[in-house]
Amino acid sequence: MLRLIWVLLLKLSLVHSARASISTLDQDSSKPLKTDRIAIIGGGVSGLTAAFRLEQLGYEGVTLYEQEDRFGGKVYSYDYNGHVHEVGAIWAERDHDVLMELATAFNFSLVPDPGIMLVRSGNGTGFNYNQIPSAILSEMILKYPSWSKVADKYGYLTEPEGFFHANDSDLFLNFDDFAKQNDIEVYASYFRPFWIGCGYGYYETTPAMYVLKLALQIAGGILGGGTPEPQFNSQLLIAPEGFQTLFVDVGESLKDARLNSKVTSIQRTMEGNATRIQVDVDGVTEVYDYLILTPNLRDALDYLDANEEEVELFTQVQSYDLLVQLTKTTTPTEWPTTVFFNQYGTPNTSGHVVGMRNGIADDNVWWSGQINQQNASLEQMDVLHRKDFVAAGLSPVETVKQVSWNYFPHVDGKSLASGFYPKIDALQGNQNTFYLGSVFGFETVMGTADFANTLILKKFSTK
Numbered sequence: 195m196l197r198l199i200w201v202l203l204l205k206l207s208l209v210h211s212a213r214a215s216i217s218t219l220d221q222d223s224s225k226p227l228k229t230d231r232i233a234i235i236g237g238g239v240s241g242l243t244a245a246f247r248l249e250q251l252g253y254e255g256v257t258l259y260e261q262e263d264r265f266g267g268k269v270y271s272y273d274y275n276g277h278v279h280e281v282g283a284i285w286a287e288r289d290h291d292v293l294m295e296l297a298t299a300f301n302f303s304l305v306p307d308p309g310i311m312l313v314r315s316g317n318g319t320g321f322n323y324n325q326i327p328s329a330i331l332s333e334m335i336l337k338y339p340s341w342s343k344v345a346d347k348y349g350y351l352t353e354p355e356g357f358f359h360a361n362d363s364d365l366f367l368n369f370d371d372f373a374k375q376n377d378i379e380v381y382a383s384y385f386r387p388f389w390i391g392c393g394y395g396y397y398e399t400t401p402a403m404y405v406l407k408l409a410l411q412i413a414g415g416i417l418g419g420g421t422p423e424p425q426f427n428s429q430l431l432i433a434p435e436g437f438q439t440l441f442v443d444v445g446e447s448l449k450d451a452r453l454n455s456k457v458t459s460i461q462r463t464m465e466g467n468a469t470r471i472q473v474d475v476d477g478v479t480e481v482y483d484y485l486i487l488t489p490n491l492r493d494a495l496d497y498l499d500a501n502e503e504e505v506e507l508f509t510q511v512q513s514y515d516l517l518v519q520l521t522k523t524t525t526p527t528e529w530p531t532t533v534f535f536n537q538y539g540t541p542n543t544s545g546h547v548v549g550m551r552n553g554i555a556d557d558n559v560w561w562s563g564q565i566n567q568q569n570a571s572l573e574q575m576d577v578l579h580r581k582d583f584v585a586a587g588l589s590p591v592e593t594v595k596q597v598s599w600n601y602f603p604h605v606d607g608k609s610l611a612s613g614f615y616p617k618i619d620a621l622q623g624n625q626n627t628f629y630l631g632s633v634f635g636f637e638t639v640m641g642t643a644d645f646a647n648t649l650i651l652k653k654f655s656t657k
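The structure is reproduced here in C-alpha cells:
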C-alpha cells in the first residue's frame with residue numbers, strides 16, 4: 195500500500211520537476227492525443243521509464259510488450275541461497291535525478307557501495323581505487339590542467355542527448371589515440387580497468403566519445419574539483435534488494451504491460467493523414483497510433499518494416515557478447531570486493547575475466563564478466579574462466595547462473611563521422627515512430643533512463 199501511495203503521488207507531481215537539459219529534439223507543435231494508442235517494444239529500463247512517464251503525462255492507451263518472463267532487461271537480480279546477486283547492472287550513479295524519482299516513488303533503497311575496489315595486474319601488482327598510489331596521484335595532479343580542459347570542452351556529453359552534439363572529429367578517434375593527443379594518458383590508465391571490467395570493450399577500438407561520457411559521469415567527482423580525490427566508490431550506489439526489484443515494481447504499476455509477448459511483425463501504413471501501426475504478437479494483431487522501439491536497433495530489423503534509411507542506420511550498430519556468470523567458490527570473502535584485471539585490457543586478451551565481484555560479506559558467490567569479441571565457444575570461455583579464477587586464488591565449485599548479454603550497442607568512428615546521431619535524430623517521429631535504448635544514452639541504467647525520460651517529455655508532453 196505504501197508503494198502504491200508513492201506511485202500515485204509521483205504521477206500527480208513529479209512530471210513538473212523533470213530535469214532540464216540541452217536538447218536537439220524539436221518541441222513539436224502538434225502533440226499526440228492523450229487517447230492515442232502507443233505501443234512500446236521492450237520492458238527494460240528504456241521502455242519502463244518511457245511507459246511510466248507517459249502514464250504520468252495522462253496517456254491512457256500505453257501498451258508495453260516484453261518478450262521475456264520478467265521486467266528489467268539487462269537489470270537482472272538473481273536469488274541464490276537467500277542472497278540477491280546482480281547478473282546485470284550492479285551500480286547506479288549518485289545524484290541521478292530520473293532514477294532517484296523512481297526510487298522515491300517505489301520506496302526503493304539505494305546505498306553507497308561499502309566494498310573495496312581493487313585493480314590487479316599480471317605481475318602481481320595493483321592498487322585500491324580508493325587509495326591511489328602516490329606515483330599515479332602525483333602524475334594525475336601534474337596532468338590535471340589537461341584533464342580539466344577535456345572535461346570543460348566535452349562536459350556536454352554527460353547530458354541525456356550529449357551524443358547528438360558531438361561534432362568534434364577528435365571524439366571519433368579511438369580513446370587510446372584521443373588520450374595521447376590530449377595529454378591525459380594517466381587519467382585514461384586510471385579509468386581503463388573500470389571501463390573494461392564493466393564490459394565496455396577496449397580503448398583501442400572504442401570511439402573516445404563513449405568513454406568520455408562514462409568517465410566524466412562516474413569519475414567526474416573524483417577527477418574534478420581542483421585535484422583528484424581517491425574516492426571512486428563514493429560515486430556509486432548499489433541496491434540491497436536487487437536492482438531488478440525497482441523495475442519489476444515499475445512494470446507492475448503500469449496499466450498494460452505484457453510479459454512473454456514476443457513481437458513478430460510491425461507494419462506501418464498510411465490511412466489518409468493518419469499512421470496505422472500493426473503490431474503482431476503470437477498471431478494476434480493490435481493497431482496503434484504511435485510506436486516506441488527500445489531494443490537494440492539492429493535486432494529490431496527482425497520484425498520491423500524498416501525503410502531504407504532505417505536499414506542503413508540500424509545496421510551500423512554493433513555490440514559485444516558479454517558473458518556474465520555467478521560462480522560458487524570454496525572460500526568466502528571477509529568484505530564485499532570488486533576486482534578488475536588490468537592485464538586483460540586489450541583486444542588480444544578477449545575472453546578472459548575482466549572483472550569479478552563478491553557483493554556480500556562472508557559469501558562465496560562471485561559475479562564475473564568476460565568480453566567475447568572473437569566468437570569463442572562457450573567451452574573455450576569456460577576454460578578461460580576457470581583459469582582466471584584459479585590465478586586469482588579462487589577455486590570454482592559450481593556455476594550458479596550464466597547469462598550472455600548483447601552488450602554496449604554503439605557505432606564506430608566512421609559512422610560517427612558520417613553523422614549517425616544527427617541522421618537518426620532526424621528520423622525521430624517519422625511514421626509516428628520513436629527510438630530509445632542504450633545506443634542513444636549509453637549502456638548504463640542512468641544513460642538509458644535519462645534519454646527515455648528526455649525524449650518522452652519533449653515529444654509527448656503538453657503545456
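Using our numbering, you'd call the opening residue of the sequence shown number 195 and step up by one each time.
No residue lacks a Cβ here, since even glycine has one placed at the ideal position from N, Cα and C.
| query | Exposed or buried, Thr479, counting other C-beta atoms within 10 Å across all chains shown (16 or more means buried)? | reply | Thr479 should be labelled exposed.
| said: Beta-carbon within less than 7 angstroms of Thr229's beta-carbon, same chain only, minus the 5 sequence neighbours each way: which residues are those? | reply: Glu254, Gly255
| Would you call the CB atoms of Gly356 and Lys407 closer than 8 angstroms? | yes
| query | In three-state terms, what does DSSP make of Trp599? | reply | In the structure shown, Trp599 sits in a strand (DSSP, three-state: E or B).
| Per DSSP, Pro434 forms a beta bridge with which residues? | In the DSSP output, where bridge partners are listed per residue, Pro434 has none listed.
| message | What would DSSP say about Arg314, mapped onto helix, strand or coil? | response | strand
| task | Tell me, please, which residues DSSP counts as bridged to Ile232. | result | Val256, Tyr484
| field | Phe300 versus Val278 - alpha carbon distance | value | 19 angstroms
| message | Buried or exposed for Thr638, going by 16 or more other Cβ atoms inside 10 Å? | response | Residue environment: Thr638 is assigned as buried (16 or more neighbouring CB atoms within 10 Å of its CB, all protein chains considered).
| Nearest-angstrom Cβ-Cβ length linking Phe441 and Val292, presumed shorter than 8 angstroms | Actually they are not in contact, since the Cβ atoms of Phe441 and Val292 sit about 12 angstroms apart, beyond 8 angstroms.
| Inter-residue spacing [alpha-carbon to alpha-carbon] between Ile330 and Ser315 | In a straight line, the C-alpha of Ile330 is about 15 angstroms away from that of Ser315.
| query | Using a Cβ-Cβ cut-off of 6 angstroms (strictly less than) and excluding sequence neighbours within five positions of Leu453, which residues of its own chain qualify? | reply | Glu260, Asp263
| task | Identify the continuous beta strand (DSSP E) that holds Glu502 and give its terminal residues. | result | Per DSSP, Glu502 belongs to no beta strand (DSSP E); it is in the alpha helix (DSSP H), 502-508.
| message | Here's a check: name, in chain order, each residue in its chain whose Cβ is nearer than 6 angstroms to the Cβ of Thr531, leaving out the five neighbours to either side. | response | Excluding residues within five positions, the ones whose Cβ falls inside 6 angstroms are Gly309, Ile310, Asn552.
| request: Taking all protein chains shown into account, decide if Met464 is buried (16 or more other Cβ within 10 angstroms of its Cβ) or exposed. | output: Flag for Met464 reads exposed.
| query | In chain order, what residues of the same chain have a beta carbon less than 7 angstroms from the beta carbon of Thr642, not counting five sequence neighbours either side? | reply | Val239, Ser240, Gly631, Ser632, Gly635
| task | Quick one: residues in its chain with C-beta nearer than 7 angstroms to the C-beta of Trp529, no 5 flanking neighbours on either side, listed in chain order? | result | Gly309, Ile310, Ala555
| query | Distance, Cα to Cα, Ala433 vs Arg580? | reply | 28 angstroms
| field | Leu487 classed as buried or exposed, judged by whether at least 16 other C-beta atoms fall within 10 angstroms | value | Leu487 comes out buried.
| Environment of Ile199 [buried if 16+ CB atoms lie within 10 Å] | Interpretation of Ile199 is limited by its pLDDT of 29, a score under 50 that renders its predicted location unreliable; no figure is taken from the coordinates.
| message | Just verifying my parser: in three-state terms, what is the DSSP assignment at Glu333? | response | The answer is helix: DSSP assigns Glu333 an H, G or I state.
| Nearest candidate by alpha-carbon position, reference Gly393, set Asn275, Leu517, Leu351, Glu295 | Leu517
| said: I want to know whether the segment 336-349 touches the segment 377-391 - three or more CB-CB distances under 8 angstroms. | reply: yes
| message | Classify Thr523: buried if its beta carbon has 16 or more other beta carbons within 10 angstroms, exposed otherwise. | response | buried
| Just how far apart, CA to CA, sit Val457 and Leu491? | 14 angstroms
| In or out: Pro327 buried (at least 16 other Cβ within 10 Å) or exposed? | exposed
| message | Taking only three categories from DSSP, how would you classify Pro541? | response | helix
| task | Pull up the distance between the alpha-carbon of Thr509 and that of Gln325, whole angstroms please. | result | 43 angstroms
| request: Identify whether Arg580 lies in helix, strand or coil by the three-state DSSP scheme. | output: helix
| said: Here's the rule I'm using: 16 or more other beta-carbon atoms within 10 Å means buried, otherwise exposed. How should Ala494 be labelled? | reply: buried
| Using 8 angstroms as the threshold, is the segment 612-624 in touch with the segment 560-568, meaning 3 or more CB pairs across them? | no
| request: Could you check if Val511 is buried or exposed, using at least 16 other CB atoms within 10 Å of its CB as the buried criterion? | output: buried
| Between the segment 646-653 and the segment 357-371, do three or more beta carbon pairs fall short of 8 angstroms? | no
| query | Taking just the CA atoms, how far does Val577 sit from Ser589? | reply | 13 angstroms
| 8 angstroms Cβ cutoff met for Gly395 and Phe602 | yes
| task | For Glu287, write down the residues that DSSP places opposite it in a beta bridge. | result | Leu430
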